[in-house]
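K.L.:
Shown below is the structure under consideration.
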Amino acid sequence: MSKKNFVRRCKELVKPNINRIISLSLSNYCAIDFFLKLFSIHSFIHLERLILDGVTSNNRLVQLLNSLVSLPRLFTLSITLSSYYVDENNILQCIFRLPVVNYCKLKFRGNLDRRSLSCTHDKKFQCQTLKYLVIDGDFCLNQLTPILTYTPQLTYLSCRFRSGFDYKTNEQLLMPYYLTDISLKFHDVSFDEIEKFLSKISHQLQSLRLTIHMNNTFLCADRWEQLITNHMPHLYMFDFMYLIFKYYSSNDYIISNQLFDRFKSSFWKNRNWFFQYQHWLCDNDDFSGIFYSTHPYR
């Protein structure tokens, strides 16, 4: 759509109904820029859902988020930021100040700052309404724990990260008590670090989804049994997927029968958690092997 037609439609359709609009979706950076030049976002006083796909400026996004504080009914927020450099901590802190946000999805395309936020237990800095948080970007694992101190009411967390270590502190941290559903996708993180992270937040956990690239240590059934038994008494769904890249060593191609058989013990059978392993050699495939849950529910 041309700029002229876009502006005309906004003036004809949006302007007369600005006080009645409850959902707004802008799908590219040009539309976002044009729209925000035509309208002040805090004029949409009944807005409940905002989707922005294609934000290209950190500063512009922060300014917009600061304006959203005045919206009394903004429950759902979804943002895709495409920028060479992403200041994710500043963006997150702006979101945590939104008065009624319940669901937030953030997708970052670019180089993240990767510094950890300072942990907080001060309610004036926490977001007491956020229950669903989805973060899709090359985060580090050590960024997650501080984020959780800002979201005490969180029930669902989904995050993708590439590397890192668990956040280390001698301070006693209060994690979200109601967090029952976690979905994690990660590269280059050890079982030790994931184990430390999950043991802090998993006591109320009911659903755990994991997608893991490489690192055979995650195929240790005995360690999973101990972690689940000791820290996840309420877990009813364990959805596990382990992916093997074709260009890694031949030792990663084949999972031994002994290793696979450990996921067939009474611990797994009694919970009706079953797994399957497949491997193939094909130049056009992204992966040469996959170990995955076939029945993740108890």
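Going left to right, the sequence shown walks through residues 23 to 320 as the working numbering numbers them.
All residues carry an ideal CB built from backbone N, CA and C; glycine is no exception.
(1) Are the beta-carbon atoms of Met-197 and Leu-230 separated by less than 8 Å?
(2) Would you call the region 96-106 and the region 123-139 touching, i.e. three or more CB-CB distances under 8 Å?
(3) Going by the beta-carbon positions, is the gap between Val-123 and Leu-152 smaller than 8 Å?
(4) May I have a chain-ordered list of the beta strand (DSSP E) segments no shorter than 3 residues that lie completely inside the region 152-208?
(5) Assuming Glu-215 and Phe-240 make a contact with CB atoms under 8 Å, what is their CB distance in whole Å?
(6) Can you give me the C-alpha to C-alpha distance between Phe-282 and Asn-238, rounded to a whole angstrom?
(7) Excluding five sequence neighbours on each side, which residues of the same chain lie with their C-beta closer than 7 Å to the C-beta of Asn-88?
(8) Going by C-alpha to C-alpha distance, which of Pro-121, Cys-126, Gln-165 sits closest to Phe-147?
(9) Using beta-carbon positions only, say whether Leu-69 and Arg-95 come within less than 8 Å of one another.
(10) Just to confirm my understanding: we take Pro-318, look at its own chain, exclude 5 residues before and 5 after, and list those with CB closer than 7 Å. What are they?
(11) Is Ile-157 closer than 8 Å to Cys-181 when the C-beta atoms are compared?
(12) Judging by CA-CA distance, which residue of Trp-290, Asn-39, Arg-30, Asn-111 is the nearest neighbour of Ser-65?
(13) Taking the alpha carbon of Ile-204 as the reference point, which residue from Lys-218, Glu-217, Gln-228 has its own alpha carbon closest?
(14) Alpha carbon to alpha carbon, what distance is there between Thr-177 and Ile-43?
(15) Which residues share a DSSP beta bridge with Ile-234?
(16) With a 10 Å radius around its C-beta and 16 neighbouring C-beta atoms as the bar for buried, classify Asn-24 as buried or exposed.
(17) Quick one: residues in its chain with C-beta nearer than 6 Å to the C-beta of Asp-274, no 5 flanking neighbours on either side, listed in chain order?
(18) With DSSP collapsed to three states, give me the class of Arg-131.
(19) Quick check on the DSSP output: the alpha helix (DSSP H) that includes Val-123 runs from which residue to which?
(20) Could you check what DSSP says for Phe-61 in three-state terms: helix, strand or coil?
(21) When you compare only the Cα positions, how much space is there between Leu-170 and Arg-137?
(22) Looking only at its chain, what residues have a beta carbon closer than 6 Å to the beta carbon of Val-211, apart from the 5 residues adjacent to it on each side?
(23) On the premise that Phe-28 lies in contact with Phe-61, defined as a C-beta separation below 8 Å, what is that separation, rounded to the nearest angstrom?
(24) In angstroms, rounded to a whole number, what distance separates the CA positions of Tyr-200 and Tyr-154?
(25) Could you name the residues of the same chain whose beta carbon sits closer than 6 Å to that of Val-108, not counting the 5 residues immediately before and after it, in chain order?
(26) Report yes if the CB atom of Thr-167 is closer than 8 Å to the CB atom of Leu-195, and no otherwise.
(27) Is it buried or exposed, Asn-292, if we count other Cβ atoms within 10 angstroms and call 16 or more buried?
(28) Within 10 angstroms of its Cβ, does Thr-316 collect 16 or more other Cβ (buried), or is it exposed?
(29) At a Cβ threshold of 8 Å, is Ser-79 touching chain D?
(30) Straight-line CA distance for Leu-48 to Arg-119?
P.N.:
Judging by the given coordinates:
(1) At a Cβ-Cβ threshold of 8 Å, Met-197 and Leu-230 do not count as neighbours.
(2) These segments touch.
(3) In this structure, Leu-152 lies closer than 8 Å to Val-123 by Cβ.
(4) If one requires a minimum length of 3 residues, the beta strand (DSSP E) runs lying completely within the region 152-208 are 154-162, 178-185, in chain order.
(5) Not really, about 11 Å apart at Cβ, beyond 8 Å.
(6) So the alpha carbons of these two residues sit roughly 12 Å apart.
(7) Here the set comprises Cys-116.
(8) Comparing Cα-Cα distances from Phe-147 to each of Pro-121, Cys-126, Gln-165, the minimum goes to Pro-121.
(9) For Leu-69 and Arg-95, yes; Cβs fall inside 8 Å.
(10) If we look at Pro-318 and ignore the five residues flanking it on each side, its Cβ neighbours are Met-259, Phe-260, Asp-261, Trp-295.
(11) Yes, they are a contact pair.
(12) The shortest C-alpha separation from Ser-65 is found at Asn-39.
(13) Considering only alpha carbons, the answer is Gln-228.
(14) Each residue's alpha carbon lies about 28 Å from the other.
(15) Paired residues: Phe-208, Tyr-264.
(16) Before going further, note that residue 24 is Ser rather than Asn in the sequence given. That one is exposed.
(17) Any reading at Asp-274 must be qualified, since the residue scores a pLDDT of 46, below 50, and its modelled position is unreliable; no value is offered.
(18) Residue state for Arg-131 is assigned as strand, using DSSP reduced to three classes.
(19) Segment: none, Val-123 is in no alpha helix (DSSP H) and carries neither H nor E.
(20) When DSSP states are grouped into helix, strand and coil, Phe-61 belongs to the coil group.
(21) A straight line joining the alpha-carbon of Leu-170 with that of Arg-137 spans about 15 Å.
(22) Same-chain partners within the cutoff: Leu-163.
(23) No, Phe-61 and Phe-28 are not in contact; Cβ-Cβ is about 12 Å, not under 8 Å.
(24) Taking the straight line joining both Cα atoms gives about 11 Å.
(25) Excluding sequence positions up to five before and after Val-108, its CB lies within less than 6 Å of the CB of Phe-130, Gly-132, Leu-134, all in the same chain and listed in chain order.
(26) Leu-195 is positioned such that its CB atom lies closer than 8 Å to that of Thr-167.
(27) The residue in question, Asn-292, is exposed, as its Cβ has fewer than 16 Cβ neighbours within 10 Å.
(28) With fewer than 16 other Cβ atoms within 10 Å, it is exposed.
(29) No chain D is part of this structure, which consists of one protein chain only.
(30) Our two residues, Leu-48 and Arg-119, have alpha carbons roughly 22 Å apart in a direct line.
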